[in-house]
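Protein chains in written order, with the working numbering: chain A, 1 to 114; chain B, 1001 to 1114.
Structure representation (structure tokens):
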């Protein structure tokens, strides 16, 4: 148990659906992250939030829309996704966004786009 | 895009065997090297964060070394146990990167047979 929870754990959606992934951290951290892991690929950073402000968008398509209402919650809003967006989406948090700060991960949401 | 390479891709050992695997990363602009342990259906868990050339870290039967000049880190597991079965990820952070940005390798999947 890392103190980072994600819901849902599994999601199947059609290309025309709109859905949201939720992440919550109970660690009092100030930074939160979204990562994507596609099959056979490394974990890839999508977004970074520090004190609710987005500090990194790693060239992510606009069909992925993050939201960070406070330092404990992070959402990833999904709309008009493509089958190639099927992947494991991981959330993480850290005390701050330092380069040697440990990141604490959630268990991920397995997304399948049909 | 920074290349972080891990080898081997997978490893099968008997209980009691000692094992090691490698993470290679760019030696220029190095700041920190992270090791994570990721059990199936669970959250990746931080093992070590290493910053100094020649550094060695240890946690129980697991240890890691770092060579920043040649750009590699070794992870060692002494006397492997079935509960060590997991994917071991390394991640590089470099000077000048967006704070919090980690570049992950694909991981080494370790299976320990009883």
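Cβ atoms here follow ideal geometry from the backbone N, Cα and C, with glycine treated the same way.
Assigned exposure category for residue i - 16 Cβ within 10 Å defines buried
i	result
residue 1004(B)	buried
residue 50(A)	buried
residue 54(A)	exposed
residue 100(A)	exposed
residue 36(A)	buried
residue 77(A)	exposed
residue 1073(B)	buried
residue 109(A)	buried
residue 15(A)	exposed
residue 6(A)	buried
residue 4(A)	buried
residue 1043(B)	buried
residue 1040(B)	exposed
CA nearest to the CA of residue i, picked from the options
i	options	result
residue 86(A)	65(A), 100(A), 114(A) and 94(A)	114(A)
residue 21(A)	100(A), 60(A), 97(A) and 79(A)	79(A)
residue 1032(B)	1015(B), 1038(B), 1050(B) and 1107(B)	1050(B)
residue 1053(B)	1043(B), 1046(B) and 1064(B)	1064(B)
residue 1071(B)	1099(B), 1093(B), 1012(B) and 1083(B)	1093(B)
residue 1097(B)	56(A), 91(A), 102(A) and 77(A)	56(A)
residue 1100(B)	46(A), 4(A) and 11(A)	46(A)
residue 39(A)	1106(B), 1112(B) and 1111(B)	1106(B)
residue 1110(B)	1069(B), 1030(B), 1036(B) and 1102(B)	1036(B)
residue 1083(B)	1025(B), 1058(B), 1034(B) and 1114(B)	1114(B)
residue 17(A)	67(A), 97(A) and 81(A)	81(A)
residue 8(A)	90(A), 96(A), 97(A) and 103(A)	90(A)
residue 1028(B)	1045(B), 1041(B), 1102(B) and 1068(B)	1068(B)
DSSP-derived helix/strand/coil call for residue i
i	result
residue 83(A)	helix
residue 107(A)	coil
residue 1026(B)	coil
residue 1070(B)	coil
residue 56(A)	strand
residue 1083(B)	helix
residue 1077(B)	strand
residue 1111(B)	strand
residue 1019(B)	strand
residue 1053(B)	coil
residue 19(A)	strand
Residue i: contacting residues in chain C (beta-carbon distance under 9 angstroms)
i	result
residue 4(A)	Looking at the structure shown, chain C is missing, and the protein chains on hand are A and B.
Can you list, in chain order, the residues of the segment 1073 to 1103 of chain B whose Cβ is nearer than 9 angstroms to any Cβ on chain A? So the list reads 1089, 1091, 1093, 1094, 1095, 1097, 1098, 1099, 1100, 1101, 1102 and 1103, given in the order they occur along the chain.
Are the segment 24 to 40 of chain A and the segment 62 to 72 of chain A touching by the rule of at least three beta carbon pairs closer than 8 angstroms? yes
Please confirm if the segment 1073 to 1083 of chain B is in contact with the segment 1008 to 1028 of chain B, defined as three or more CB-CB distances below 8 angstroms between the two stretches. yes
Residues of the segment 1006 to 1029 of chain B with Cβ closer than 7 angstroms to any Cβ of chain A, in chain order: none
Where the segment 24 to 36 of chain A meets chain B: residues whose CB sits under 7 angstroms from a CB there: 31 and 33
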